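Right, one structure below, let's go through it.
Written out as structure tokens, the structure reads:
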């Protein structure tokens, strides 16, 4: 099916031209050996002519020697790699397989279904766009099917193929297939998949693998390959706000300063305005530099080098973003954590958190709960052990730029590294900024003028009588604001300051400083900055005014 | 809306990302340059990753002294063109012991001249990261290889302590003496490599193109007579045939295939129509089952 042999022989140039336009799809297969997973993958490789004669010869020899199919071809041997595993008859890791058709190149993450499944599946799924979940038609949806589906949904895969395999063993019965499909859809409703495609298959017999099977005339959907070749994957990431974590600053000489990175999401063109979330500084893109010439635009997935119009301080670990939709910049993310190491999580201990291109020391301050991957039930636990999944709160030594994982898989993911052993001990997916207990009054002055549709929109916050909570110091709490903010200031608010009163702004992160500073500048106010255990606070006041009624209790800010 | 990225553009971007991560996070990286087509692609990607600057690391060639002469010429030319430092390391101990693939067998020869030579060079220059051009589709045990492959201080690869790799987040933390082998083109297939060479017009060693060359037929394989060190066995005669190499190693260990493919499109055409894998022409893989895995544990690339 894969390579049009005739075209290759007659017109290799036409063939090459057509194959330059191929796209790339990464998918994961989930299921146990019993579900026929290895047969399914072996079949895809075989049918796309990715098994060569010498490999087949060694496969035949191996099948006779250690095969489990009574001397017949054992596809599992084609897929197993490591000798120790082969002798034990198990696969213990993620293996990557490659095949291609005329339309697409495929990278398959092949993961086992045994006890290390959580670590391996999450690893394999982290880069996948589609999951093929296998069920045995005779058994239907099992506990392991639920487990696999939960893990796949956790890692953000939205497109699911429910591969109902071994249909030949139930005589290609439509009713049984439909029962499995509706059973699965009922269960999966809570997992938030965008699209579930159930396909009746026999990997062994080739039914509905490549061509529609004559055994299932009642099935009108795509074959497995048709689905994989046609599923829409392109363009998704580029519709999101621009993000580029800076990997490397390229300075070959004094006249060139390029910021290298892979565009995580969105589109960028020369002239576009960019923001550095950590500093709040902005500039415009001057050039998009590549060895093959400057680009007119760069899109999600491309590795590029940007030069900017202004000399602003940017280094590895900073994130360049769209000016109107910056990422969260904070120290306290709340996240899903998948524990991957024999040594359990030590809450309070310092680990290194690598997120995009930044590596920051930090600790888990709180394990909210763990999720049972079989029942999806939440349970209270003191810590997380190998293959356990939980929701935790983190405290980082300094703020980093990120997005919720649901919105952006590239900028919402991180790994946890043990500082002593250097092992990768956990994978994390940011849910949001951890909610901070409201410390103070004075929240009533926050009136959104723009509907709050999450990150990305500018929030205008009114500072007026309602923001004033007493004589001396009033507090405006901005820790609940995740997007860009600006202020509109009433005369009564300025009058309050004019009388020597002060207003303490509690910031979510340092990225909000710019908006507060701008407000102070515009109204000729002064401010003091402080960093405390609670975070960052800014005290705004009118200089030259003697304060009459300052309260001595400054809210623990030390100002 | 912009055009979708093709599979080659995506592979290229991923490889460039990996190259930059290593340059940013390691103190003393090196690129192992084997002169073959995979190395050619890897070097090209490195130039793209750091353009307009040259790649911020040297090239290292572990010379077994049994490379084809054309490979050595090509190597020196490319290093000069790219403006890169080239370190050539020979296991002098092996040379003084007179190790040769003919008298000591392919297994011992490879171990001493390649694996030992590589370890010596990495230790001598204290490289903490070494790029290699291996691909996961080459061989079964490579399918599970990480992109960042952790090696102990004696260069051993232990499948049990490899770190999980998620998203594009690579753990580059090591202790003094330990190192990481990095495979930026892990996800490329042989076809991807050829297509990319074609599209980007990357120079490769002329031995990949078919030409009439002197060969002998030995154990069913065509061995090229590159110099007078290849002693003819009784009954062997030098024949002139149109041959090329699908893979380039040491000359007595790498067999040629009969071919008329003298252009890149014809090479790709031949590759697509052939039914044997590229490593088949390498004698070392046939030594025993799981042989590549054994070599990797001992420190082979």
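Chains as they are written, first to last, in this note's numbering: chain S, 197 to 755; chain A, 978 to 1278.
Note that CB positions come from ideal geometry on N, CA and C, so glycine has one too.
Given the structure is predicted, the values throughout are model-derived calculations rather than measurements.
Query	Result
Hey, is residue 1243(A)'s beta-carbon within less than 8 angstroms of any beta-carbon in chain S?	yes
Answer with yes or no whether the minimum CB distance from residue 1134(A) to chain S is below 8 angstroms.	no
Does the Cβ of residue 677(S) have 16 or more other Cβ atoms within 10 Å, making it buried, or fewer, making it exposed?	buried
Output the distance between the C-alpha atoms of residue 1121(A) and residue 1093(A), rounded to the nearest integer angstrom.	24 angstroms
Pick helix, strand or coil for residue 233(S), following the three-state DSSP scheme.	helix
If you measure between the beta carbons of residue 569(S) and residue 347(S), is that distance less than 8 angstroms?	yes
If distances are taken between C-alpha atoms only, which option among 724(S), 451(S), 682(S) comes closest to residue 715(S)?	682(S)
Measure the C-alpha to C-alpha separation of residue 206(S) and residue 1100(A) and round it to an integer number of angstroms.	52 angstroms
So, are the CB atoms of residue 1220(A) and residue 1199(A) less than 8 angstroms apart?	yes
For the region 523-547 of chain S, enumerate the residues whose C-beta is nearer than 8 angstroms to any C-beta of chain A, in chain order.	536
Let's see if you can read the secondary structure: which residues bound the beta strand (DSSP E) around residue 456(S)?	452-458
Could you tell me whether the region 481-488 of chain S touches the region 520-540 of chain S, using the rule of 3 or more Cβ pairs below 8 angstroms?	no
Is there contact here, the region 1018-1036 of chain A with the region 1183-1194 of chain A, by at least three beta-carbon pairs under 8 angstroms?	no
Just list the residues that DSSP pairs residue 446(S) with in beta bridges.	454(S)
For residue 616(S), is the classification buried or exposed, using 16 other Cβ atoms within 10 angstroms of its Cβ as the cut-off for buried?	exposed
Could you give the residue range of the beta strand (DSSP E) that holds residue 293(S)?	291-296
Would you mind telling me which residues of chain S sit closer than 9 angstroms to residue 998(A), beta carbon to beta carbon, in chain order?	443, 444, 553
Just to make sure I have the definition right: I need the residues of chain A whose C-beta is within less than 7 angstroms of the C-beta of residue 322(S). Which are they?	1143, 1144
Along the region 501-520 of chain S, what residues have a CB closer than 8 angstroms to any CB found in chain A?	501, 512
Closer than 7 angstroms by C-beta to residue 318(S): which residues in its own chain qualify, once you throw out the five before and the five after it? Chain order, please.	347, 351, 534, 623
Since residue 1192(A) sits in a beta bridge, which residues does DSSP pair it with?	1201(A), 1216(A)
With DSSP as the reference, please indicate the residues paired to residue 604(S) in a beta bridge.	Looking at the DSSP assignment, residue 604(S) forms no beta bridge with any residue, so it has no partner.
Is it buried or exposed, residue 701(S), if we count other Cβ atoms within 10 angstroms and call 16 or more buried?	buried
Under DSSP, the beta strand (DSSP E) around residue 547(S) begins and ends at which residues?	546-551
Which value, in whole angstroms, describes the spacing of the CA atoms of residue 669(S) and residue 547(S)?	38 angstroms
Counting C-beta neighbours from all protein chains within 10 Å, is the total for residue 1240(A) 16 or more, i.e. buried, or is it exposed?	exposed
Kindly confirm or deny that the region 723-739 of chain S and the region 981-996 of chain A touch, where touching means at least three C-beta pairs closer than 8 angstroms.	no
Since residue 1002(A) is in the beta strand (DSSP E), which residue starts that stretch and which ends it?	It is not in any beta strand (DSSP E) - residue 1002(A) instead sits in the alpha helix (DSSP H) that spans 984-1002.
Within the continuous alpha helix (DSSP H) that includes residue 1171(A), where are the two ends?	1167-1177
CB-CB under 7 angstroms to residue 411(S), same chain, minus the five flanking residues each way: which ones, in chain order?	368, 403
CA-CA distance, residue 983(A) and residue 289(S)?	29 angstroms
What does residue 341(S) reach in chain A if we use C-beta pairs closer than 7 angstroms?	Going along chain A, no residue has its Cβ under 7 angstroms from residue 341(S), so there is no contact; the nearest lies around 23 angstroms.
Is residue 692(S) closer than 8 angstroms to residue 174(S) when the C-beta atoms are compared?	The requested residue 174(S) is not part of the displayed model; chain S covers only 197 to 755.
With H, G and I counted as helix, E and B as strand and the rest as coil, what does DSSP make of residue 536(S)?	coil
Return the CA-CA distance between residue 316(S) and residue 1213(A), expressed in angstroms with no decimal places.	52 angstroms
Tell me the DSSP bridge mates of residue 360(S)?	331(S), 396(S)
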